[in-house]
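Have a look at the structure below, then the notes.
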Amino acid sequence: MQIGVYICHCGLNIGGVLDIDAIVAEAATFDGVHIARDIDFACSDAGQEEIRADIESGVDRVVVAACSPRMHQTTFERLLEDSGLNPYLLVIVNIREQCSWVHADNPALATQKAIDLVRMGASEARELAPIPKRTIPINQDALVIGAGIAGMTAALDLADSGMKVHLIEREPTIGGRAALYGSLFPTNDCAICIIAPKMTDVLNHRNIDLYTYAEITDVAGSVGNFRVRGVRKPRFIKEDICKGCIDDCAHVCPITVPNQFDYDIGVRKAIYVPMPQSVPMIACIDEHCVGCGLCEEACPLDAIDYFQKEEEFEFDAGAIIVATGWKPFDAARKEEYGYGRHRDVITSLQLERMLNASGPTYGRAIRPSTGELAQRIAFIQCVGSRDATVGNNYCSLVCCMAAIKSAQAIKKKNPDTDISIHYIDIRACGNGYEEYYQRTQELGVDFIRGRVAEVLTHGESAVIRYEDTLADDGIIEEECDLVVLSVGIEAESEIGIDMQTGADGFMQVA
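Going by the numbering used here, the sequence shown opens with residue 1, and the numbers climb by one from there.
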């Protein structure tokens, strides 16, 4: 057994803190170590050539002390394999993230820790044995969880390449949140005009099995061979008969509830179709139904079936794409803004539904308390974002542009509307975003830098209390017809599969 130990300088990342010569000297004394040397950049072509030459001279185990194995483990495994050595006779020792970076204020301690880690790496190398590679058959089907714009796009890309795709959506319709918007920034294109063709393509694609009103209950197995189980909730509708002609059935339904697809700014019946462009266009009866039977009598196609049960399903898949999207921050957690107490304080998503021509107010931004057109509108940014008091330190990235888009849409319909956007920082960082922001300013929208302290009630009006940090006007109180809380986005937690997440709750990415 001949172990080669290679200590990488990584420029000043490692060499600027650790005593590389001392580490090399110690490594040369470890049992089984035949060669110990330092390399300026082990991952570079020149560095790899040094290791390759030593392997050709008889080194049969390799220890590389450098950065995280997540960076270059594959690089060095490939190097060993190309040099005729089993790729699993390799040990990566992380002396950058675990030594030089975290102990930069104590080089002596960092160096001693690196020596100990390299010693452990050499001990591990002595125990390594070649691992043969095996070819295991894998399932060629894919599972996509979530049928919003991301999930639909992924499913169509895979299906167009010839793969069989199982697409799971927990709502009665596909399309996700974007299908509920009136327009998209920065082009102001009609949202449903862009998304509806994809929705139809998904429904009709021969390589896509679509499961709506369904959820994943269990995923077993491993990459290449997953066993997936799920359940489809009953619609209490005969799906092969229903044509989505909801007016006859909904008209006689005595139950009226807030419509979750309008973010509760509108209402619906216990039997409903989520939106006019739903795919599939099939009605759904939910838990609010009292079983009166009126819709069953009214349905001209005899499509009502009160005795439907949950349907379990299972299938195999080789790969899983999680596209479960996000959920809006609960604005009621910011009690100082009066959401839930004052009817004229709404969220940015509720305004999105108002501004949608097929929404509850048919494209009009109104005062919920009176139904009249709102003439004085204030947007409060970063509600639930960049806010340690609610545990969300991150920027949600889309709220600034969404508010700017909504303000622009209102101004174009009603130029005399007085609109202010109260912000911490405007983040217009995408292609064409800055120009879009400037056009909105030119329309007469006021941008006021500073957090709104609270929303008060004065008679029937909401009153915002704020300070403009770019002016010297002190504390200002201003009456508004409508206060819009630009709520941040939070991770969707109920996805039916265990996933590693970051501190913000969103899925961890490589």
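Note that the Cβ used here is the ideal one computed from N, Cα and C, for glycine as well.
Check, Outcome
"Select from 198, 92, 47 the residue whose C-alpha is nearest the C-alpha of residue 178.", "198"
"To the nearest angstrom, how far is it from the Cα of residue 166 to the Cα of residue 495?", "15 Å"
"Judging by CA-CA distance, which residue of 509, 130, 483, 363 is the nearest neighbour of residue 323?", "509"
"How long is the line joining the alpha carbons of residue 302 and residue 236, rounded to whole angstroms?", "12 Å"
"Where do the ends of the beta strand (DSSP E) carrying residue 522 lie?", "Absent from the model: residue 522. The displayed extent of the chain is 1 to 510, so no value can be given."
"Under a three-way DSSP split, which group does residue 30 fall into?", "coil"
"In whole angstroms, give me the CA-to-CA distance for residue 121 and residue 214.", "48 Å"
"Give the C-beta separation of residue 487 and residue 384 to the nearest angstrom, bearing in mind that I take them to be a contact with Cβ-Cβ under 8 Å.", "5 Å"
"Tell me, to the nearest whole angstrom, how far the beta carbon of residue 118 is from that of residue 65; I am working on the premise that it is less than 8 Å.", "5 Å"
"Could you pull the start and end residues of the alpha helix (DSSP H) that residue 80 belongs to?", "69-82"
"Measure the CB-CB distance between residue 328 and residue 489 and report whether it falls below 8 Å.", "yes"
"What does the alpha-carbon distance come out to for the pair residue 442 and residue 412?", "12 Å"
"According to DSSP, is residue 123 part of a helix, a strand, or is it coil?", "helix"
"Rounded to whole angstroms, how far is the Cβ of residue 250 from the Cβ of residue 238, which I believe are closer than 8 Å?", "About 17 Å separates the two Cβ atoms, so there is no contact after all."
"Leaving out five residues before and five after residue 253 in sequence, what residues of the same chain have Cβ atoms less than 7 Å from its Cβ?", "269, 270, 271, 294, 295"
"Can you tell me which residues form a DSSP beta bridge with residue 392?", "387"
"With distance defined between alpha-carbon atoms, name the residue in 133, 465, 62 nearest to residue 127.", "62"
"Could you tell me which of 142, 82, 87, 367 sits nearest to residue 161, measuring between CA atoms?", "142"
"Label residue 77 either buried or exposed according to how many other C-beta atoms from any shown protein chain fall within 10 Å of its C-beta, with 16 as the threshold for buried.", "buried"
"For the beta strand (DSSP E) holding residue 5, just list the boundary residues, first then last.", "3-8"
"What's the C-alpha gap between residue 465 and residue 264?", "26 Å"
"Run the CB neighbour count on residue 440, radius 10 Å, all protein chains shown included, and call it buried at 16 or more, exposed below.", "buried"
"Expressed to the nearest angstrom, what Euclidean distance is found between the alpha-carbon atoms of residue 207 and residue 152?", "13 Å"
"Using a Cβ distance threshold of 8 Å, determine whether the segment 465-482 contacts the segment 392-399, with at least three qualifying pairs required.", "no"
"Can you give me the start and stop residues for the beta strand (DSSP E) that residue 94 sits inside?", "90-94"
"Can you give me the Cβ contacts of residue 381 inside the same chain, cut-off strictly under 8 Å, excluding the 5 residues immediately before and after it?", "399, 400, 403, 421, 422, 423, 424, 486"
"What span of residues does the beta strand (DSSP E) with residue 197 cover, start to end?", "First-last for residue 197: 191-204, but that is the alpha helix (DSSP H), not the beta strand (DSSP E)."
"For residue 358, which residues in the same chain have their Cβ closer than 6 Å to its Cβ, ignoring the five residues on either side in sequence?", "276"
"Write down the C-beta distance between residue 171 and residue 258 rounded to the nearest angstrom, noting that I regard them as a contact closer than 8 Å.", "So it is not a contact: roughly 16 Å between Cβ atoms."
"If distances are taken between C-alpha atoms only, which option among 20, 437, 267 comes closest to residue 368?", "267"
"Under a three-way DSSP split, which group does residue 288 fall into?", "coil"
"CB residue 463 to CB residue 469, shorter than 8 Å?", "no"
"Whole angstroms are fine: how far does the CA of residue 451 sit from the CA of residue 407?", "18 Å"
"Check whether the Cβ atoms of residue 38 and residue 7 lie closer than 8 Å to each other.", "yes"
"From the DSSP output, read off the bridge partner residues of residue 327.", "490"
"Expressed to the nearest angstrom, what Euclidean distance is found between the alpha-carbon atoms of residue 473 and residue 467?", "7 Å"
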